[in-house]
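Residue numbers (the working numbering), protein chains in the order written: chain G, 1 to 144; chain B, 1 to 426.
Even glycine gets a Cβ: it sits at the ideal position worked out from N, Cα and C.
One structure is given below, encoded as C-alpha cells.
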C-alpha cells in the first residue's frame, strides 16, 4: 500500500472474538450471511438466492458483515471452508450470536465485534483492512 | 471466565484427553461469546462424528476418532473418544440406511454412514437421525438446559416446550456430549428470552401453509430477534409450530418466538416482553402474505413438476396420513417423483399403519434420516420441484439449482398426481 499523504486511515476499537492478526481487502455486506445452504464451503462463495453477494467469494478477504443467520450448520460450513483453504482472512461483525462465535472459533481467523463505530458505515468493499484482534484494533485504509 | 472445580479438572486433563480437548474448545467458544461461566446441560442433540464427501476426502476415509478429534473437537491431535456423559442424540444424517440406492448414494458412502453410526451408538448416543427429535421421543421439559443443533428444533425447544437452548453447532454439541457443559449465554438466561418485536396478525392463519408463510415473513422481518405474535390466532398444533418455526429460522435466525396466550412464556403481552419495550411493531396482512407467497415462488417458472418433496422438517405421522388420504388410491404421474422424508421412529409407525405401502403403491417413497437438502439428493434429471415447506423452498433451489414451487400439501400431491403445478396464491 502506498503511504502517500492523501491516504485516508481510520482506526477502530473492537472487542476480540478470536485472537490473531491478519490483513486483506475488505468484502462488505449489509446483509447477514447464512452458512449452511448459503455458502459453498469449498470455494467460500455466497450462493443464497437474493443475497447481494451472491456469486462472490470471501476467500482471503476481510469479511465485514452484520452477523450470521439460518442453519446451525454455520460453524461446520466455515470450518470446512478453512480446511479447503477458502476461509476469510479475518472477520468483523456487529451482532453476536452462538452461530458466529463458534464459527469464528473454528475458522481460526482473527475476529472482532463491538466496534466503536459501525464497521458497515466505515469500511467499503475494496478498502485494505488490518485486524489486530489481540489488541482490539482495526485499521482501515480507504481505497482511493 | 469462572470455571468450577470440575470444569478446571477437565481442562487440565484429569478426565482424559478427549474431555480436555472438548473443554478447551468450549472455553474458546465461551470467550468468543463473552460468557462468564458454563451451565450444566442434560440434553444434547448434534451430529457427532458424521461424515460427508468432503470430510471423507479430506481425512482420507479416516477412523471415527480422527474425524471426531480433528473436526468435532477442532483438535490438532487425535484422541480416543469415550462414551458421552449426558443424554445425547444424533440429529439428521446424509443417507437413508435402507434406501440409499434410491437417493443415489454410492455403496461406499452407505457403508461409511453405517460405520459412523455404529461408532456413534457405541458411545451411548441415540441414533434418532431426525431434525425433529421431539417427534422421536426426545421432548425436553420446561426450563431444561439443552444444547441443540438444528435451527428448526432449537426454535421448537425454546418456544413451544419452554426448554432452553441456543443454536449450537456441530463442534459445541460434540464437546457438550463429552462434558455436559455449554456456555451460560443467550437463551439459557431469563433476560435474553423476552420479546423484541410485536407482530400484529391481521389475516386468518389456519393451514400449515399459512403458518409456513407467516414464519417466513416473520424471520425476514425480525432477523435473529424474538417476535411476539398477537391477534386472532387459533392455537396452532405441533405441525403448524414446526412449519412456522422452521420457516422463521431459515429466512431469519429466529431461535424463539412468543404467541400471546399460547406459548409457555407468554401468558400475557407483559410477560412476553418483560422489561423490554417492542423495538418495532409490524403488521401481517393480505399484502404481506401475498409478498411472502411470491417470494417463496420466485424460482418457479415451468409448471411441469418433476419432483415433489414433502417432510421438511421431517413429517409427523399425521402428515403422512394426510398425504395418503390425498393420494386416494391413485398413482402419481410417470413424469414425477414423490419422496416424503421422516424419522425412523415415525417410519416404523407408518409401516405399522400400512401407510408406507400406500405411498409405495402410488409410486412414491417414504424415506428416513435425511432430506433432499441435507443429503443433496434429488431424483435424476430433476429441474422443477414442488414443496410444502417454506424452509425447504428457501434452501433446496439455491443448493441444487432448481426451479421451485411452494404451496399446500394438497397442491404438492396434486402436482405429483398430474405432473403439473396448479397452486394458487391465497
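Distance check for residue j and residue i, CA to CA, integer angstroms please.
i, j, result
"residue 100(B)", "residue 244(B)", "30 Å"
"residue 423(B)", "residue 301(B)", "12 Å"
"residue 297(B)", "residue 401(B)", "14 Å"
"residue 121(B)", "residue 45(B)", "13 Å"
"residue 264(B)", "residue 151(B)", "19 Å"
"residue 446(B)", "residue 328(B)", "The structure shown does not extend to residue 446(B), since chain B is modelled only from 1 to 426, so the question has no answer here."
"residue 176(B)", "residue 118(B)", "20 Å"
"residue 112(B)", "residue 183(B)", "32 Å"
"residue 202(B)", "residue 109(G)", "46 Å"
"residue 261(B)", "residue 267(B)", "5 Å"
"residue 350(B)", "residue 242(B)", "19 Å"
"residue 100(G)", "residue 75(G)", "7 Å"
"residue 410(B)", "residue 385(B)", "15 Å"
"residue 186(B)", "residue 193(B)", "8 Å"
"residue 134(B)", "residue 153(B)", "8 Å"
"residue 104(G)", "residue 114(G)", "15 Å"
"residue 249(B)", "residue 95(B)", "24 Å"
"residue 35(B)", "residue 415(B)", "50 Å"
"residue 40(B)", "residue 161(B)", "19 Å"
"residue 396(B)", "residue 129(G)", "35 Å"
"residue 208(B)", "residue 7(B)", "45 Å"
"residue 348(B)", "residue 313(B)", "17 Å"
Leaving out five residues before and five after residue i in sequence, what residues of the same chain have Cβ atoms less than 7 Å from its Cβ?
i, result
"residue 136(G)", "13, 14, 15, 16 and 112"
"residue 417(B)", "330, 332 and 333"
"residue 125(G)", "26, 27 and 28"
"residue 84(G)", "41 and 42"
"residue 56(B)", "112"
"residue 97(G)", "67 and 68"
"residue 2(G)", "Here the model assigns residue 2(G) a pLDDT of 49, short of 50, so the residue's position is not dependable and the matter cannot be decided."
"residue 420(B)", "303, 304 and 305"
"residue 205(B)", "211, 214 and 233"
Hey, could you find the ends of the beta strand (DSSP E) residue i is sitting in?
i, result
"residue 404(B)", "403 to 406"
"residue 149(B)", "Run containing residue 149(B): none; DSSP gives neither H nor E here."
"residue 96(G)", "Element bounds for residue 96(G): n/a, residue is neither H nor E."
"residue 129(G)", "128 to 132"
"residue 89(B)", "88 to 90"
"residue 222(B)", "Counting along the chain, residue 222(B) falls outside any beta strand (DSSP E), though it belongs to the alpha helix (DSSP H) covering 208 to 222."
"residue 227(B)", "227 to 231"
"residue 23(G)", "21 to 28"
"residue 359(B)", "Residue 359(B) -> not in any beta strand (DSSP E); alpha helix (DSSP H) instead, spanning 355 to 361."
Is it buried or exposed for residue i, if we count other Cβ within 10 angstroms and need 16 for buried?
i, result
"residue 146(B)", "buried"
"residue 53(B)", "exposed"
"residue 141(B)", "exposed"
"residue 155(B)", "buried"
"residue 212(B)", "buried"
"residue 285(B)", "exposed"
"residue 280(B)", "exposed"
"residue 361(B)", "exposed"
"residue 200(B)", "exposed"
"residue 355(B)", "buried"
"residue 72(G)", "buried"
"residue 357(B)", "exposed"
"residue 4(B)", "exposed"
Got a sec? Which residues, its chain only, sit under 6 Å from residue i by beta carbon, not counting five neighbours each side?
i, result
"residue 337(B)", "307 and 379"
"residue 17(B)", "79"
"residue 228(B)", "195, 198, 258 and 272"
"residue 138(B)", "89"
"residue 65(G)", "29, 33 and 93"
"residue 159(B)", "256, 257 and 263"
"residue 406(B)", "296, 297, 387 and 393"
"residue 23(G)", "130"
"residue 320(B)", "350 and 355"
Bridge partners of residue i, per DSSP?
i, result
"residue 40(B)", "181(B)"
"residue 309(B)", "339(B) and 387(B)"
"residue 62(B)", "The partner list for residue 62(B) (beta bridge, DSSP) is empty, contrary to what the question assumes."
"residue 120(B)", "Its beta-bridge partners do not exist; DSSP assigns none."
"residue 46(B)", "90(B)"
"residue 57(B)", "Looking at the DSSP assignment, residue 57(B) forms no beta bridge with any residue, so it has no partner."
"residue 65(G)", "93(G)"
"residue 33(G)", "68(G)"
With residue i as the anchor, note down where its alpha helix (DSSP H) starts and where it stops.
i, result
"residue 325(B)", "317 to 327"
"residue 283(B)", "Element bounds for residue 283(B): not the alpha helix (DSSP H) but the beta strand (DSSP E), 280 to 284."
"residue 414(B)", "409 to 418"
"residue 245(B)", "238 to 251"
"residue 6(B)", "5 to 11"
"residue 79(G)", "74 to 83"
With a threshold of 8 Å on Cβ separation, who are the neighbours of residue i within its own chain once the five nearest residues in sequence on each side are excluded?
i, result
"residue 124(B)", "83, 84 and 88"
Taking 7 Å as the cut-off, is the CB of residue i close to at least one heavy atom of the ligand ADP?
i, result
"residue 418(B)", "This structure lacks the ligand ADP; in fact it carries no ligand of any kind."
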